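Engineer: So the sequence shown is numbered by the numbering used here: it starts at 1 and just counts up by one. Ideal Cβ positions, reconstructed from N, Cα and C, are used throughout, including at glycine. All figures in this text were calculated on a predicted structure; none of them were measured in a lab.
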Amino acid sequence: MKNTIIFFIILGSLLGKGCCHIDTSSSKKRSHTSKNKYWSYHGETSPEHWEEVEKGADCGGRYQSPINIVAAIDDSSLQPIEFHYDDDTDIDAVVNNGHSIQYDFEKGDYIQIGTIRYELLQFHFHEPAEHTIQGIRYPMVIHFVHRSEEGAYAVIAVMVKEGESSPAFEFLENYLPVREGERKEIDTSFDINSALPQQTNYYHYTGSLTTPPCTEGVQWYIMEEPITISVAQVVALQKLMPLHNYRNEQQLNGRTIRHSF
Ligand SMILES: [Zn+2]
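(1) Going by other Cβ atoms of all chains shown within 10 Å of its Cβ, with 16 needed for buried, is residue 246 buried or exposed?
(2) Residue 261 lies in the alpha helix (DSSP H); which residues open and close that run?
(3) Check whether the segment 50 to 67 and the segment 94 to 113 touch, using three or more Cβ-Cβ pairs below 8 Å as the test.
(4) So who's on the other strand from residue 125, going by DSSP bridges?
(5) In three-state DSSP terms, what is residue 107?
(6) With a threshold of 16 other CB atoms inside 10 Å of the CB of residue 143, please say whether the residue is buried or exposed.
(7) Where residue 204 and residue 152 are concerned, what is the direct C-alpha to C-alpha distance, given to the nearest angstrom?
(8) Is residue 146 close to ligand 1? I mean its beta-carbon at under 8 Å from any heavy atom of the ligand.
(9) Please tell me whether, using a cut-off of 8 Å, the distance from the CB of residue 210 to the nearest non-hydrogen atom of ligand 1 is below it.
(10) Can you tell me whether residue 31 is helix, strand or coil according to DSSP?
(11) Quick check: what's the CA-CA separation for residue 250 versus residue 76?
(12) May I ask you to check if the CB of residue 150 is nearer than 8 Å to at least one heavy atom of ligand 1?
(13) Going by other Cβ atoms of all chains shown within 10 Å of its Cβ, with 16 needed for buried, is residue 262 buried or exposed?
(14) Is residue 155 close to ligand 1? I mean its beta-carbon at under 8 Å from any heavy atom of the ligand.
(15) Going along the chain, which unbroken runs of the beta strand (DSSP E) with 3 or more residues stay wholly within the segment 47 to 112?
(16) Which one of 112, 195 and 52 has the shortest CA to CA distance from residue 146?
(17) Rounded to the nearest angstrom, how far is the Cβ of residue 110 from that of residue 126, given a contact under 8 Å?
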């Protein structure tokens with residue numbers, strides 16, 4: 001598969017914290033108002049330098065993400081993920097904050113894992129995928145970022161590969177491109193479930209946000225089954241999205257990866 005799709009969307013209300021690109025607009029502002037560097041995916045502020053350029057962040061921590069998913073232990077005691085995403089979530093608008101493309105939508109969607117309920121904050125894309133599975137890197141991944149009432153993060157990663165076209169991506173592409181600083185009203189309902197795979201087996205481990213501040217203690221659920229988008233969609237997205245928004249692989253440092261089945 002070609003590493004062709006280059007894009008990064010953030011969907012949701014970025015209320016100070018999220019998975020990746022939590023603080024993008026303020027970071028952007030900082031770059032214009034001071035000589036301070038801020039993180040990026042390229043050059044001297046690329047992921048290898050986040051520990052230096054983002055003082056006070058956890059990017060140099062021991063339990064970071066992403067990782068290579070390998071030697072996962074089958075664990076039948078892992079709880080299933082119950083998706084409670086509405087089939088007609090209202091998408092308010094799409095915004096280009098200079099760092100990523102963000103879709104704002106109404107609140108209310110959530111997942112339930114065991115006794116914990118996590119509200120969906122936003123979702124966005126990386127190209128190529130950040131986590132690898134047995135060393136294999138998919139051309140894209142969607143991260144669904146959730147937070148519990150107690151402030152715990154759970155991120156669901158859905159891998160994307162080339163194949164059948166995806167109605168979900170067709171919808172999202174309709175509103176792109178958006179120029180930097182521009183906000184485009186959408187006010188149309190969207191079924192977020194259409195971006196999920198049918199099988200809900202997953203790999204689980206505890207890691208971090210994959211962008212500064214790289215906060216640790218994030219519960220990762222990496223879906224085993226990928227979804228597909230067509231080659232034509234790949235080509236279309238390539239023209240509409242920012243490029244190469246991914247962090248390199250981090251050390252496992254003794255963590256256990258479990259596999260639900
Ligand atoms: Zn992400």
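Structural biologist: In terms of the structure at hand:
(1) Label assigned to residue 246: buried.
(2) First-last for residue 261: undefined, no H or E at that position.
(3) no
(4) Partner(s): 142.
(5) coil
(6) buried
(7) 15 Å
(8) no
(9) yes
(10) Because the pLDDT of residue 31 is 37, which lies under 50, any placement of that residue in the model is unreliable, and the number read from its coordinates should be weighed accordingly. Correct three-state label for residue 31: helix.
(11) 27 Å
(12) no
(13) Past the edges of the chain, shown from 1 to 261, lies residue 262, and the structure says nothing about it.
(14) yes
(15) Secondary structure in the segment 47 to 112: the beta strand (DSSP E) runs of 3 residues or longer, each lying completely within the stretch, are 81 to 84, 89 to 96 and 101 to 105 in chain order.
(16) 112
(17) Their Cβ separation, rounded to whole angstroms, is 23 Å, which puts residue 110 and residue 126 out of contact at 8 Å.
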